[in-house]
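Here's the structure we're looking at; comments come further down.
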Ligand code: FES
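In this note's numbering, the protein residues as written are 130 to 249.
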């Protein structure tokens, strides 16, 4: 695959922004970590939702490495940074694990670590 890379801007809870260059075959979380940005995570498999972010633009990404990622997640703008690879420039608000769990619960979808059954 061509070595395309994209500009990914992370909007952190302290109000700061961090800009990354993320290759098309790289997971956003890994690149952030290599730059010293300490984002939440547990599973690194696209399952637990701990690393969740939310898009602030209409960017594209590949979530096929995520064990469990639903079309409803995409429609709501949630992205699992541990397993997402960019397909366009992206603006992402980080630390959205609780918002994503709430979103999943509202739809009756699996929401690990939210205090309810993690069926499936
Ligand atoms: S760290 Fe578990 S879904 Fe990303």
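Cβ coordinates follow ideal geometry from the N, Cα and C atoms, glycine included. Remember, predicted model here, so these are calculated numbers, not experimental data.
Residue range 157–163 is occupied by the alpha helix (DSSP H) that includes residue 157. In the DSSP assignment, residue 181 falls outside any alpha helix (DSSP H) and within the unbroken beta strand (DSSP E) covering 181–184.
Counted as a single uninterrupted DSSP element, the alpha helix (DSSP H) harbouring residue 231 occupies residues 226–236. Under the DSSP assignment, residue 203 falls in the alpha helix (DSSP H) whose first and last residues are 200–204. Under DSSP, residue 214 shares a beta bridge with 191. Exposed is the label assigned to residue 235, since fewer than 16 other Cβ atoms lie within 10 Å of its Cβ. The three-state secondary structure of residue 196, taken from DSSP, is coil. Between residue 157 and residue 219, the gap from beta carbon to beta carbon is short of 9 Å. DSSP places residue 220 inside the beta strand (DSSP E), whose first and last residues are 219–222.
Listed as beta-bridge partners of residue 152 by DSSP are 134.
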